[in-house]
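Only one structure is covered here, and it is reproduced in the block below.
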DNA sequence: GTGAAAGCGCTAACAT
DNA sequence: ATGTTAGCGCTTTCAC
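Protein chains in written order, with my numbering: chain A, 1 to 351; chain B, 352 to 702.
Below you can see the structure in the form of structure tokens.
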């Protein structure tokens, strides 16, 4: 008949000879509708190709069954993989998603985004942009303006908010310890941009692992990159000059590690014999580098998925049980994947 | 005062001693409000921390200023880069985004997604999932159910829908022609999964360029991969056996090309001297491969951006000028980036 | 089991 | 320049 979405609950009620509430009960699968009434209504609904308006429902019910998601740096594989985990799990649990992306990582005009989410009656918010510089400062001022549960990903621990993150510190320690276990003692580090909390955690993990092994960490052993392969190339060249006796290097991410391999190749440095390399992230390509890359694998898809699950729990707690829940703090442990760039005994490449 | 979002237009009207309509005029920046009335209302608004409800506005206005975006494969860099272009331009042009991701590329349960978008009063839809197998078949049945403008990305041309895409065919011809210009005559191809329209276009570009050069294309010169580095490794090994005289290869994407370089390295095949390699995509890392990779660069961020711009044009045309517009067909030309994997005269690596 | 009335928060179309 | 009326399409509450 009329095109989908044209019919309203009122038409259905009229055609079925019942009231709008009865139709409402049917479409929401509520009890207290006689079996044959329900059937009659369902028939009319399919006849009329009736589709309830989510907007009207949101207005009346004062909730939308949607979450607001704030992301940043979608063109990088990490954030987009996390988002992918978010979409999959939200779908599974019956929630839709409103998406905003920060135009720059350190953008500070947070208020309009929050307002936009809230004005759309989101049931909860996922703050999936990384913590950089002072881009979490707004929390102090605005936390109580937010009337819905909110979960922050990849954020330094604080007691007043819920956080789900990867344990970067632990991952970095594992990476460094792996190099130490291989007998390396001159271990450098190419850090991510230290404005990033994650980069600082990884640096700290390297430092603490070195110190725990009785080795000292000097300034010249660390160079800061910006996650890009390009910056990695600059960094490794600088590091090789400043720290020529280096026999192992923990690189802040796999992209920068790629450039370390390229530089070594160009200079005739053999990997892993002369220089053992460990990356961080575990991107799929890392297995196909020359040589394949030892790395700390963080499952960012899982991160997003867990975050949604926890957010749903918070929302349910508030709505169903009407109880305020304690903030959640989860840190997912990453995993060491040993490949040829650190261990010569590993077979040559992916196959 | 009350927490943000608590106050309604009614409270503001009462406090300011005007009607709701006047408040509405103020918040929508409409004319016909006296300067001092406007000021008084604005003061009350900021006193009460009033925030209009986007939901109520959507219901009443029968539009939401939001677009529905369907994506797929966010964990891959292509789709997520496109999404990034979409978010940036949507933000710029004043639109919000409702996001859905297909759980698998070839998923066929499209109807619920469409219904979900429409029930949320989206002003338009961006279909940003790639065309694979028969996953566009639904268009025939459902196109007239969709009451809003819709733009398809990366879709084979058809006259009844609007399409914005990269010109894959042209890119593949450029890649192959580049190898021909270098004097190579034995040129193989590692294709993407041929279920994908893009993969078929790239295959066709290779074929046509070869034929135009008077060279014949045989079955054994082509191996099908699935875009992953892993599949690329299998493919290049197979190709080297079936087509040993090969002196150039056009690889369907950069990830698979990475494995070609790894395989060549392991077998002692020198690149580009013995085998010239061209990839497709132009991912940032490709510059840092060993050796750096010649590739066809497609600007997917721009693709997403253009798609949004065109969608806004369609929406405006319908709303403002109330005119039906002809479907749009745009094909963005990709760009050849020459690096060391095809041309030995190029300097060594990124620096 | 079912229905009537009131309302969610806003805007379009008309008054004045 | 401002106000009134009547919705937008649904759900909640309470009555029957």
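Glycine included, C-beta positions come from ideal geometry on N, C-alpha and C.
Residue of the options minimising C-alpha distance to residue i
| i | options | result |
| --- | --- | --- |
| residue 6 (chain A) | A:46, A:22 and A:29 | A:46 |
| residue 99 (chain A) | B:441, B:559 and B:545 | B:441 |
| residue 218 (chain A) | A:17, A:207, A:192 and A:303 | A:207 |
| residue 251 (chain A) | A:111, A:332, A:142 and A:175 | A:175 |
| residue 585 (chain B) | B:612, B:367 and B:598 | B:612 |
| residue 40 (chain A) | A:15, A:56 and A:81 | A:15 |
| residue 687 (chain B) | B:453, B:447, B:448 and B:529 | B:529 |
| residue 437 (chain B) | B:675, B:654 and B:674 | B:654 |
| residue 269 (chain A) | A:284, A:144, A:300 and A:290 | A:290 |
| residue 153 (chain A) | A:35, A:305, A:142 and A:55 | A:305 |
| residue 470 (chain B) | B:519, B:406 and B:446 | B:406 |
| residue 647 (chain B) | B:520, B:415, B:382 and B:610 | B:520 |
| residue 596 (chain B) | B:587, B:552, B:564 and B:537 | B:537 |
Residue i burial status per 10 Å Cβ neighbour count (16 or more: buried)
| i | result |
| --- | --- |
| residue 472 (chain B) | buried |
| residue 571 (chain B) | exposed |
| residue 276 (chain A) | buried |
| residue 567 (chain B) | exposed |
| residue 62 (chain A) | exposed |
| residue 334 (chain A) | buried |
| residue 671 (chain B) | exposed |
| residue 147 (chain A) | exposed |
| residue 695 (chain B) | exposed |
| residue 604 (chain B) | buried |
| residue 703 (chain B) | Any property of residue 703 (chain B) remains undetermined from this structure, which presents chain B solely from 352 to 702. |
| residue 353 (chain B) | Because residue 353 (chain B) carries a pLDDT of 36, less than 50, the predicted location of this residue cannot be relied on, and the following value inherits that uncertainty. When all chains shown are included, residue 353 (chain B) counts as exposed. |
| residue 274 (chain A) | exposed |
| residue 462 (chain B) | exposed |
| residue 448 (chain B) | buried |
| residue 581 (chain B) | buried |
| residue 425 (chain B) | buried |
| residue 674 (chain B) | exposed |
| residue 58 (chain A) | buried |
| residue 524 (chain B) | buried |
Sequence-distant residues of the same chain with beta carbon closer than 8 Å to residue i, five excluded per side
| i | result |
| --- | --- |
| residue 76 (chain A) | 227 |
| residue 11 (chain A) | 48 and 50 |
| residue 589 (chain B) | 574 |
| residue 506 (chain B) | 478, 482, 487, 512, 514, 516 and 548 |
| residue 693 (chain B) | 529, 530, 533, 599, 623, 627, 628, 629 and 645 |
| residue 444 (chain B) | 659, 660 and 663 |
| residue 546 (chain B) | 457, 483 and 484 |
Beta-carbon contacts of residue i that lie in its chain and below 7 Å, excluding the five residues immediately before and after
| i | result |
| --- | --- |
| residue 311 (chain A) | 67, 124, 126, 149 and 151 |
| residue 370 (chain B) | 364 |
| residue 21 (chain A) | none |
| residue 649 (chain B) | 517, 522, 632, 633 and 685 |
| residue 384 (chain B) | 373, 376 and 377 |
| residue 199 (chain A) | 191, 192, 193 and 252 |
| residue 264 (chain A) | 271 and 275 |
| residue 350 (chain A) | At residue 350 (chain A) the pLDDT is 46, less than 50, meaning the model places this residue with poor confidence; the figure from the coordinates comes in the next sentence. 287, 288 and 292. |
| residue 117 (chain A) | 68, 98 and 125 |
| residue 676 (chain B) | 665 and 668 |
6 Å CB neighbourhood of residue i in its chain, flanking five on each side removed
| i | result |
| --- | --- |
| residue 594 (chain B) | 539, 571 and 572 |
| residue 554 (chain B) | 542 |
| residue 561 (chain B) | 568 |
| residue 690 (chain B) | 643, 644, 645 and 697 |
| residue 600 (chain B) | 539 and 628 |
| residue 9 (chain A) | 20 and 23 |
| residue 535 (chain B) | 598, 599 and 627 |
Inset, instruction - Starting from the N-terminal side, write out each stretch of the beta strand (DSSP E) that is 3 residues or longer and does not extend beyond the region 250-282 of chain A. - result: 276-281
Inset, instruction - Select from the region 609-630 of chain B all residues with a C-beta closer than 9 Å to any C-beta belonging to chain A, and list them in chain order. - result: 609, 610, 612, 613, 614, 616 and 617
Legend entry - Residues of the region 397-408 of chain B with Cβ closer than 7 Å to any Cβ of chain A, in chain order: 402, 403, 404, 405, 406 and 407
Inset, instruction - Counting only runs of 3+ residues fully inside the region 294-327 of chain A, write out the beta strand (DSSP E) ranges in chain order. - result: 294-297
Legend entry - Residue ranges of each alpha helix (DSSP H) within the region 494-544 of chain B, 4 or longer: 519-532
Legend entry - Near-chain A residues of the region 519-552 of chain B (beta-carbon distance less than 7 Å), N- to C-terminal order: none
Legend entry - Cβ-based contacts, 9 Å cut-off: residues of the region 642-660 of chain B near chain A: 642, 643, 651 and 652
Legend entry - Proximal residues, the region 96-128 of chain A versus chain B, C-beta separation under 8 Å: 96, 97, 98, 99, 100, 101, 103, 115, 116, 118, 119, 120 and 121
Inset, instruction - Anything in the region 8-25 of chain A with a Cβ closer than 8 Å to a Cβ of chain B? List those residues in chain order, please. - result: none
Legend entry - Ranges of the alpha helix (DSSP H) found wholly within the region 23-107 of chain A, counting only runs of at least 4: 35-48, 54-61 and 77-92
Inset, instruction - Scan the region 221-248 of chain A for residues whose Cβ lies nearer than 7 Å to a Cβ of chain B and list them as they occur along the chain. - result: 228, 229, 230 and 233
Legend entry - Residues in the region 144-157 of chain A having any Cβ partner in chain B nearer than 8 Å: 144, 145 and 147
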